[in-house]
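Undergrad: Quick one: structure below, then a few questions.
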Amino acid sequence: MALRHTGFPNHQTELLRIETNLFNLYIQGKPFHPTVETLQLHRQDDTEWTTAHFQCMSLTPSLSIQSISIFSPESGELTSWMAGIPVHPIFYETQSYELVIEKKQDVAIQFHHDNLYIRQSIKPLGNMILSGILNFQNEVGHTELELRRNGEALFRLQLEIFPSKMDYKKDYQMILHDVNEQIYNLSFDFLRKTYHLSGLKETQSQSLTEFFTILQHVFDQLVQAVERIKQSPHSKLQVENRLVEAARVRRAGKENIWFLSKRPNLLVEDSLHGSISVHGRRLTPSHVLETKRHINFDTGENRFVRWVLLRIQQKLKELKFRFVQKGRAEDPLLTRKMNLMQTQLQRMLKYDFLAVGEMRQMSISLVLQMAVGYREVYRYYLMLMKGLSIQSDLFRLSMKDLALLYEYWCFLKIHHLLSKQYELVKQDIIRVQRGGLFVTLDRTQKAKMVYRNPRNGETFTLYYNALPSGDKTPTLSQRPDNILTLRKNDASVEYKYIFDAKYRLNPAYEGTPYRRDYKTPGPEEDDINTMHRYRDAIVYMDDKEKEYERSMFGAYVLFPYHNEEQFQQHHFYKSIETINIGAFPFLPNSTSLMEKFLDEIILDSPEKAYERATRPRGTKEYYKNKLSGKNVLIGAMSQKSQLDAALEHHFYHTPLNNITDHKILTRIEYVALYQSIQLFGREEAGIRVYGKVADWKVVQRKEITQIPSGRGAADELYVVFTVDEWVKRAKPILPGGSGVQRVMYASKYVFDRALEVGELRG
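Next comes the structure, spelled out in structure tokens:
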């Protein structure tokens, strides 16, 4: 079991030593990351360390590697390394490492890295030393350090940089997969809808560089798709008939009856064995049709696969020719990639099921859209031939700013959670431009996804890097990562919630104030403060009232943490319930809290959504004064026949004793009838009709002649409300968990919006 060696100090340690005949290379730094240790990341089965990629190679015969030693977390010291020996994580994001190259000969050696800032950080010290600080910031994954002599690659060192706030295998690689998969799906769906009806036509403006950029990423998947087709290719049953001597035929079908009836010359007289009788003569055929059936792979789908492979092959040839034509210096790595692709294409084109004719016309069959292997080839064809160009380099994610990648992933993952239950109506991440299709997901672009709830028709929109229409920031510019706006059917306003991705985590080290105050890892306090700022600074201008209103009902940090169960006890999770500001842990395997919350706010009633927001002090008293007029009386009925009498004669009566405060009678403007479950059954129970009061008076029960009175009640005082017209509610107010015993009161404002009796109380 590869457990980390304990007891080594947290200081600079020699992590790598490579000795060659021309130079020695040293890297030193901290051999571990404190956050990784606290969260126990990059483990297999929570105990054994995962392996890291490591490779160093000589790129010229003049350089020989003599020895390689690398730090072992197990032993806590440098150990000799040879190819095949597993290496464990020792290089992390945001951590600094000192690189020293000590030359043994006075030769011109230059350091190279794709990242300009890393390349410029390594500088010569005199004639024999190259030295500097390597810091990969938030970039993780494979990276290459290269030494060159006179511009020619001499030595290459490949390292793997691990994230410090999430697990490499469980989280980071799944984030990469999720981002690519969502972009693929959105692109494919867009292309399929756009081109399915109008037919397919190759773009004329796509650049070869753009084509090759995409091809590099999808080529392996394309090869795998063709290999899957090879296992079970689409075919058709070919029927072949040929004329043979009757004595040699093995199987003759019924088609020979029609065939011989048209060719009597093939019938000869045979009185002994003739099986056909014509006018007393016995005849037998001399030749008949023999039917053979065999599998034929020459289908439109296989012709399409072959055509796609040939088109890619042609594009690669054209690309190589263009490089030679422009006189560019040959890039061995690029040439090797293209040659390998050409070899793979040539190999696949020799498959038996691809020995078919040319594709003369294109039809989008169900096989191309749904069959395993074929649908993938069709998808990659659309991407390659339609000029799909990915901005922000989303296709090249082996070495990526993890903070930016996490931001992209949060938006796409929220979209994924929503699209599982709700219909995607509109999106503008995938856009058509003259050069083809563009994915506009980056920090300089705005994007939005519009959804519809199929159950009630409500719409909601997810914005990326943009404020909804009408929202402003009168003081300083504010731009959260993600805003979800909900439009309820019974509300005139939109309910808006901020979900801001922050690739930051406080690990709550022992002895720190964060540990003392919050006990467990969580978001940074500064990020929670930012949520307060967003909610207060982003306002909406009401065109009618000509005044600003705070438009954000909640703001939440999305941060990388895996333990959802533990975080439910965190102060910043509980604060969501109290003030609607807080945080959600959000990683590929930790999305349940976020998913549950999205369901809650989407299914909220307008009143519930409003109550989630924190209101200024005095709001309750303000609305109590404004809406305190309880001008609706909801009355129960003592018998089922009372409903018919009330509706027919436009009145409602109830004993005066049921009204404890007689002053309220002067404020009653409406009367509603409550139908109890006991009298009307569950299907008809609730408040279904109401009416405006025209008049009211107090009378003895015997004066109410529309409905007979019970024994002993003739002299009892009753209140009788005369109603102008009974109105049927569009949606009844259901009993829910409570009912109306005698009478209850509510304001007309609440009455119009309530869906259950319980909402009328208070």
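Numbering follows the UniProt record's numbering, in which position 688 of the sequence shown is assigned residue number 688; successive positions increment by one, without gaps.
Ideal Cβ positions, reconstructed from N, Cα and C, are used throughout, including at glycine.
Keep in mind it's a predicted model, so treat the numbers as computed, not measured.
According to the neighbour-count rule (16 or more other Cβ atoms, all chains shown, within 10 Å of its Cβ), is I677 buried or exposed?
TA: Position 677 of the sequence shown, counting from 1, holds the residue named residue 677. Per the 10 Å Cβ criterion, exposed.
Undergrad: Anyone know if the C-beta pair for Q158 and F54 falls short of 8 Å?
TA: As a working mapping, residue 158 is identified with position 158 in the sequence shown. As a working mapping, residue 54 is identified with position 54 in the sequence shown. Closer than 8 Å, so yes.
Undergrad: Please report the straight-line C-alpha distance between Q342 and A225, rounded to a whole angstrom.
TA: Here residue 342 refers to the residue found at position 342 when the sequence shown is read from its first residue. Here residue 225 refers to the residue found at position 225 when the sequence shown is read from its first residue. Roughly 17 Å between the two C-alpha positions.
Undergrad: Between the Cα of Q182 and the Cα atoms of D536, H415, E600 and F572, which residue gives the shortest distance?
TA: Taking the first residue of the sequence shown as position 1, residue 182 is located at position 182. It is H415.
Undergrad: Relative to the C-alpha of E246, which candidate in F586, L267 and P233 has its C-alpha closest?
TA: Locating residue 246 in the sequence shown gives position 246, where the first residue counts as 1. Note that residue 246 is Ala in the sequence shown here, rather than Glu. Ranking the options by Cα distance to A246, first place goes to L267.
Undergrad: Could you check what DSSP says for P732 in three-state terms: helix, strand or coil?
TA: Reading the sequence shown from its first residue, position 732 is the one you call residue 732. The answer is strand: DSSP assigns P732 an E or B state.
Undergrad: Could you give the residue range of the beta strand (DSSP E) that holds R149?
TA: Sequence index remark: in the sequence shown, residue 149 carries index 149 (1-based). Residues E139 to R149.
Undergrad: How many angstroms separate the CA atom of M359 from the CA atom of H234?
TA: As a position in the sequence shown, residue 359 is number 359, starting the count at 1. As a position in the sequence shown, residue 234 is number 234, starting the count at 1. In a straight line, the C-alpha of M359 is about 15 Å away from that of H234.
Undergrad: To which residues does DSSP link H416 through a beta bridge?
TA: On the sequence shown, residue 416 is found 416 positions in, with the first residue counted as 1. According to DSSP, which records beta bridges pairwise, H416 is partnered with nothing at all.
Undergrad: Whole angstroms is fine: what's the gap from D298's alpha carbon to G84's?
TA: For this step, residue 298 is matched to residue 298 along the sequence shown. For this step, residue 84 is matched to residue 84 along the sequence shown. C-alpha separation (whole angstroms): 46 Å.
Undergrad: Give the single residue among V288, K230, L412 and R293 whose Cα lies nearest to the Cα of V179.
TA: One-based indexing of the sequence shown puts residue 179 at position 179. Of V288, K230, L412 and R293, the residue nearest in Cα terms is L412.
Undergrad: Compare the C-alpha of V689 against each of E524, A714 and A646 and name the closest.
TA: Walking along the sequence shown from the start, residue 689 turns up at place 689. Ranking the options by Cα distance to V689, first place goes to A646.
Undergrad: How would you write the range of the alpha helix (DSSP H) that A537 sits in, first residue to last?
TA: Taking the first residue of the sequence shown as 1, we reach residue 537 at position 537. First-last of the alpha helix (DSSP H) with A537: E525 to A537.
Undergrad: When DSSP labels each residue in this structure, what does V720 get in the three-state scheme?
TA: Taking the sequence shown and counting its residues from 1, one reaches residue 720 at position 720. Strand.
Undergrad: For S67 versus E19, is the C-beta distance shorter than 8 Å?
TA: Looking up residue 67 in the sequence shown gives position 67. Looking up residue 19 in the sequence shown gives position 19. Cβ atoms of S67 and E19: closer than 8 Å.
Undergrad: In this structure, does DSSP put G635 in helix, strand or coil?
TA: Against the sequence shown, residue 635 aligns to sequence position 635. Strand.
Undergrad: Which partner residues of F71 appear in the DSSP bridge assignment?
TA: As a working note, residue 71 is residue 71 in the sequence shown. Answer by DSSP bridge pairing, in chain order: L78.
Undergrad: Could you give the DSSP three-state label for L402: helix, strand or coil?
TA: The residue labelled residue 402 in the question sits at position 402 within the sequence shown. Helix, per DSSP.
Undergrad: For I601, which of N589, F553 and I707 has the nearest alpha-carbon?
TA: Here residue 601 corresponds to residue number 601 of the sequence shown, with the count starting at 1. Cα-wise, what sits closest to I601 is F553.
Undergrad: What residue range is occupied by the uninterrupted beta strand (DSSP E) comprising G373?
TA: What you label residue 373 is simply residue 373 of the sequence shown in a count that begins at 1. Element bounds for G373: n/a, residue is neither H nor E.
Undergrad: By a C-beta neighbour count over all protein chains shown, 10 Å radius and 16 as the cutoff for buried, is W409 buried or exposed?
TA: Start at 1 with the first residue of the sequence shown, and residue 409 comes out as number 409. W409 comes out buried.
Undergrad: Check for me: the beta strand (DSSP E) holding L673 runs from which residue to which?
TA: Here the question's residue 673 lines up with position 673 in the sequence shown. Element bounds for L673: Y670 to Q675.
Undergrad: May I ask which residues mark the beginning and end of the alpha helix (DSSP H) holding N339?
TA: Translated into the one-based positions of the sequence shown, residue 339 becomes position 339. Counting along the chain, the alpha helix (DSSP H) containing N339 begins and ends at P332 to L349.
Undergrad: What separation, rounded to the nearest whole angstrom, lies between the Cα atoms of Q344 and V308?
TA: The residue labelled residue 344 in the question sits at position 344 within the sequence shown. The residue labelled residue 308 in the question sits at position 308 within the sequence shown. Roughly 14 Å separates the two Cα atoms.
Undergrad: So, under 8 Å CB-CB, L633 and V671 are touching, yes? Tell me the CB distance rounded to an integer number of Å.
TA: Sequence index remark: in the sequence shown, residue 633 carries index 633 (1-based). Sequence index remark: in the sequence shown, residue 671 carries index 671 (1-based). Confirmed, about 5 Å.
Undergrad: Using a Cβ-Cβ cutoff of less than 7 Å, which residues in the same chain neighbour N424 once the five nearest sequence positions on both sides are dropped?
TA: For this step, residue 424 is matched to residue 424 along the sequence shown. Checking the sequence shown, residue 424 turns out to be Leu, not Asn. Cβ neighbours of L424 beyond the five flanking positions: M449 and Y451.
Undergrad: Would F136 and P73 be called neighbours here (beta carbons separated by less than 8 Å)?
TA: Looking up residue 136 in the sequence shown gives position 136. Looking up residue 73 in the sequence shown gives position 73. Taking 8 Å as the Cβ cut-off, F136 and P73 do not qualify as a contacting pair.
Undergrad: Look at the alpha carbon of Q568 and the alpha carbon of E510, and state the distance between them as a whole number of angstroms.
TA: As a working mapping, residue 568 is identified with position 568 in the sequence shown. As a working mapping, residue 510 is identified with position 510 in the sequence shown. Looking at the two C-alpha atoms, the distance is approximately 20 Å.
Undergrad: Which word fits R761, buried or exposed, when buried means at least 16 other C-beta atoms lie within 10 angstroms of its C-beta?
TA: Here residue 761 corresponds to residue number 761 of the sequence shown, with the count starting at 1. R761 should be labelled exposed.
Undergrad: Which one of T50, A685 and R742 has the shortest CA to CA distance from L755?
TA: Taking the sequence shown and counting its residues from 1, one reaches residue 755 at position 755. The shortest C-alpha separation from L755 is found at A685.
Undergrad: Looking at the structure shown, is V223 part of a helix, part of a strand, or coil, going by DSSP?
TA: The count along the sequence shown starts at 1 and reaches residue 223 at position 223. Here V223 sits in helix by DSSP.
Undergrad: Please classify R17 as buried or exposed, where buried requires at least 16 neighbouring CB atoms within 10 angstroms.
TA: The residue given as residue 17 occupies position 17 in the sequence shown. It is buried - the Cβ of R17 has at least 16 other Cβ atoms within 10 Å.
Undergrad: Can the beta-carbon of F559 be found less than 8 Å from the beta-carbon of K502?
TA: By one-based count along the sequence shown, residue 559 stands at place 559. By one-based count along the sequence shown, residue 502 stands at place 502. Closer than 8 Å, so yes.
Undergrad: Ignore the nearest five residues each way along the sequence and tell me which others in A694's own chain have a CB closer than 6 Å to its CB.
TA: Numbered from its first residue, the sequence shown carries residue 694 at position 694. Taken in chain order, the residues that qualify are T722 and D724.
Undergrad: Give me the Cβ distance between D401 and E139, rounded to the nearest whole Å; I'm assuming they're in contact under 8 Å.
TA: Residue 401 sits at position 401 when you count from the first residue of the sequence shown. Residue 139 sits at position 139 when you count from the first residue of the sequence shown. Yes, D401 and E139 are in contact; Cβ-Cβ is about 6 Å, under 8 Å.
Undergrad: How would you call P513, buried or exposed, if buried means at least 16 neighbouring beta carbons within 10 angstroms?
TA: Taking the sequence shown and counting its residues from 1, the one referred to as residue 513 is at position 513. Exposed, by the Cβ-count rule.
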